[in-house]
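Per the working numbering, the sequence shown starts with residue 1, numbered consecutively.
In this text, a Cβ means the ideal position worked out from N, Cα and C, and glycines have one as well.
First up is the structure itself, then whatever we jot down about it.
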Amino acid sequence: MTEPSQAKVDMEKLVSLCRRRGFIFPSSEIYGGLSSCWDYGPLGVELKRNVKDAWWRAMVQQRDDMVGLDSSILMHHQIWQASGHVEGFSDPLVECKGCHLRFRSDELEGNKCPDCGGELTEPRMFNLMFKTFIGPVEDEASVVYLRPETAQGIFVNFENVLNTTRKRLPFGIAQVGKSFRNEVTTGNFIFRSREFEQMEIEYFVKPGTDKQWFDFWVEERVNWYVSLGIKRENLKLRPHTKEELAHYARECSDINYLFPMGWAELEGIANRGDFDLVQHANSSGKGLSYYDEEAKEHIVPYIIEPSAGVDRTFLALLCDAYDEDEAEGEKRVLLHLHPDLAPIKAAVLPLSKKEPLASFAREIYASLRQQWMVQYDDAQSIGRRYRRQDEIGTPFCVTADFESLEDKQVTIRERDSLRQIRVPIDSLKATLRAKLGGEDLFVLPDGGKIWKE
Ligand code: GAP
């Protein structure tokens, strides 16, 4: 549910920037588009990959209590029976008898069509899972579903992971991947789509310690967003009331973000208790438990689940990073993206297209490209080229001028402060590495100097 409030940036500006600069395109556009499906363009795919890499680094690589998994999207149909999705993963759908638009009745105020004021049908439950068939025969026995969450792939691999990694409680299994939901109401750009990506952790703990771990993960996950530059005041926790808890949850809290359309869910953190392991043990006939060496008994762990959306994180990062100001006497749009997330880390800009400056700058470009996503741009004025890089969030521009041919030095310009330093080419890579890692621009390498305060 969206709670109205005032955000700094409006959605139209973001959608237009994403379209114009190749972050996101409507899916199947040349055929008129496909409702609520989106394609990530050349810059979008970089930013999205950086988001997933940042999550994996912090949640898997840097923790010794976490391992990764990549389970299949198509899974045994019994999984969705046991999980409760076949029975209960539904939204109440109503249709306007006049204009035939469809809505979720639980999101409507009043009992009239919000579009034309017409009379609505009685609500009927609509299952959100996409159904298809495995193999050549389209009958009930071959029904499979596109997964609506990555979580179930983790639960059904619990024993495989336990046996192959010898992890002790508490430990987690992390997974990033596509999920699909035939949402009744979509919209707000990539906020709610029918095909999206999730970054999910299932964290297995001893019963009795679940409350402590739930609180731990709520804080940990808020801190992760803040570490990537999202302003704390744009994040808010929304604990679920008893009445709205999902069928599997004992406790749940959303991390809400102040999106352009208001406060809305960015991530959900749930205490799922032993619901999933018990359900799958009963349904499969396999005992899914953990042998507790201290107590000398088998226990069924409780599960804490921080479940984040890649696309919503992408959108929140763009909203938070978007800014308009004035630079070098001109209005500019800029994205204050964290260097780890910026699609392009540096742009190499020769002051002229002429030789030998062009070859000199291209050599720098070739060298930096070995390590980072870097762009080369020699078209139009230097001011226009800076603006283009600011607008896509490139943290640093490296400018080569005719003096560079003599003194073998280049200028580095910082996106946010507009400060510039001049450094020897020999130390360019090391300097960029340090600055991308957060070092102040005015910490100079040997032979470097401040160019513009
Ligand atoms: N396994 C638990 C689970 O899937 P959820 O609250 O339904 O919980 C978790 O989904 C996250 O997945 C949400 O917080 C959101 O970021 C993302 N998400 C869910 N449905 C989405 C949709 N239709 N489009 C984009 N992201 C979605």
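Among the options, the one whose alpha carbon lies nearest that of residue i
| i | options | result |
| --- | --- | --- |
| residue 159 | 405, 278 and 306 | 278 |
| residue 103 | 171, 111 and 94 | 94 |
| residue 281 | 81, 347 and 51 | 81 |
| residue 313 | 355, 256, 302 and 364 | 256 |
| residue 185 | 154, 400, 114 and 7 | 114 |
| residue 18 | 89, 48 and 329 | 48 |
| residue 234 | 423, 266, 85 and 258 | 258 |
| residue 319 | 230, 365, 101 and 75 | 230 |
| residue 424 | 403, 206, 391 and 210 | 403 |
| residue 98 | 89, 105, 107 and 112 | 112 |
| residue 303 | 290, 297, 328 and 275 | 275 |
| residue 127 | 385, 252, 134 and 183 | 183 |
DSSP-derived helix/strand/coil call for residue i
| i | result |
| --- | --- |
| residue 188 | coil |
| residue 241 | coil |
| residue 137 | coil |
| residue 27 | coil |
| residue 55 | helix |
| residue 160 | helix |
| residue 125 | strand |
| residue 34 | coil |
| residue 443 | coil |
| residue 69 | strand |
Those residues which DSSP pairs with residue i across a bridge
| i | result |
| --- | --- |
| residue 449 | 422 |
| residue 102 | 95 |
| residue 199 | 176 and 308 |
| residue 267 | 255 and 308 |
| residue 79 | Answer is none; residue 79 lacks a bridge partner. |
| residue 234 | According to DSSP, which records beta bridges pairwise, residue 234 is partnered with nothing at all. |
| residue 116 | According to DSSP, which records beta bridges pairwise, residue 116 is partnered with nothing at all. |
| residue 130 | Answer is none; residue 130 lacks a bridge partner. |
| residue 298 | 291 |
| residue 399 | 349 and 411 |
| residue 318 | DSSP output for residue 318 lists no bridge partner at all. |
| residue 40 | 24 |
Whole-Å CB distance - residue i paired with residue j, under 8 Å assumed
| i | j | result |
| --- | --- | --- |
| residue 382 | residue 421 | About 17 Å separates the two Cβ atoms, so there is no contact after all. |
| residue 194 | residue 216 | Actually they do not touch by this definition, with Cβ atoms about 33 Å apart. |
| residue 129 | residue 310 | Residue 129 to residue 310, Cβ: 20 Å. No contact. |
| residue 389 | residue 347 | 5 Å |
| residue 165 | residue 67 | 5 Å |
| residue 399 | residue 351 | 7 Å |
Practice prompt. Would you check if the segment 22 to 41 and the segment 148 to 158 touch, i.e. whether three or more CB-CB distances between them fall below 8 Å?
Written response: No: the two stretches stay apart, fewer than three of their Cβ pairs being nearer than 8 Å.
Worksheet item: Are at least three pairs of beta-carbons, each pair with one atom in the segment 406 to 414 and one in the segment 365 to 375, less than 8 Å apart?
Response: The segment 406 to 414 makes no contact with the segment 365 to 375, as fewer than three CB pairs between them are under 8 Å.
Worksheet entry | Segment contact flag, the segment 49 to 60 with the segment 328 to 344, C-beta cutoff 8 Å, min 3 pairs | Contact between the segment 49 to 60 and the segment 328 to 344 is established, with three or more Cβ pairs separated by less than 8 Å.
Worksheet item: So does the segment 168 to 180 actually touch the segment 204 to 222, counting three or more Cβ pairs closer than 8 Å?
Response: Flag = yes, the segment 168 to 180 and the segment 204 to 222 touch.
Worksheet item: So does the segment 131 to 140 actually touch the segment 162 to 170, counting three or more Cβ pairs closer than 8 Å?
Response: By the Cβ rule, the segment 131 to 140 does not count as touching the segment 162 to 170, because fewer than three pairs are nearer than 8 Å.
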